[in-house]
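Peer 1: Sequential numbering of the sequence shown, starting at 19, is according to this note's numbering.
For each residue, glycine too, the CB sits at the ideal point set by N, CA and C.
From a predicted model like this one, the values you see are computed outputs, not experimental measurements.
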Amino acid sequence: MREIRTYELDRRDVPTGWFIDRPQTLKVTHGQLWVTVEGEAGDFWLKAGDSIELQPYATIWVSATQDGGRFSMASVSAPSKHWVERAVAWFARRPAGARVMAS
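1. Thinking I22 and S69 are a contact (beta carbons under 8 Å), I'd like their distance in whole angstroms, please.
2. How should V118 be labelled, buried or exposed, when 16 other C-beta atoms within 10 angstroms of its C-beta is the threshold for buried?
3. If A76 and V102 are in contact, beta carbons under 8 Å, what's the gap, nearest whole angstrom?
4. Taking the beta carbon of G42 as the centre, do at least 16 other beta carbons fall within 10 Å, making it buried, or is it exposed?
5. Taking the beta strand (DSSP E) that H34 belongs to, which residues open and close that run?
6. If you run the structure through DSSP and keep just helix, strand and coil, what is A66?
7. Cutting at 7 Å between CB atoms, please list the residues of its own chain near V32, excluding the five before and the five after it.
8. Tell me the DSSP secondary structure of R104 in three-state form.
9. Quick check: L44 and L72, are their CB atoms within less than 7 Å of each other?
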């Protein structure tokens, strides 16, 4: 089974963070998005129709260049990992310093 969720960013230039818990595909459906994947050297500028494959246990930041940027996140359902495996993987990806997130 495949799960697909659609999102619309209501304010341009305000980054929104996501923790990716399983392999997912981000596909832009309207507008242009700026995507930052923590730990990668460069950012991604995606326009409608473009997509990017996201690996599990990554944190991404997404912002739109105009109001109403829309995108979908799709993933294939997989057997659930035991909570200990998920916690170990999550802590393995966290930076040493604390992080403040604006809302």
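Peer 2: Answer, in terms of the structure:
1. That belief does not hold up - the Cβ atoms of I22 and S69 are roughly 12 Å apart, past 8 Å.
2. A caution first: V118 carries a pLDDT of 43, below 50, which makes its placement in the model unreliable, though a value can still be read off. Burial call: exposed.
3. That pair is no contact at about 20 Å.
4. The amino acid occupying residue 42 in the given sequence is Gln; Gly does not appear at that position. Under this definition Q42 is a buried residue.
5. It is worth fixing the name first, because residue 34 is Thr in this sequence and not His. T34 to I38 is the span of the beta strand (DSSP E), which, as asked, contains T34.
6. coil
7. S81
8. helix
9. yes
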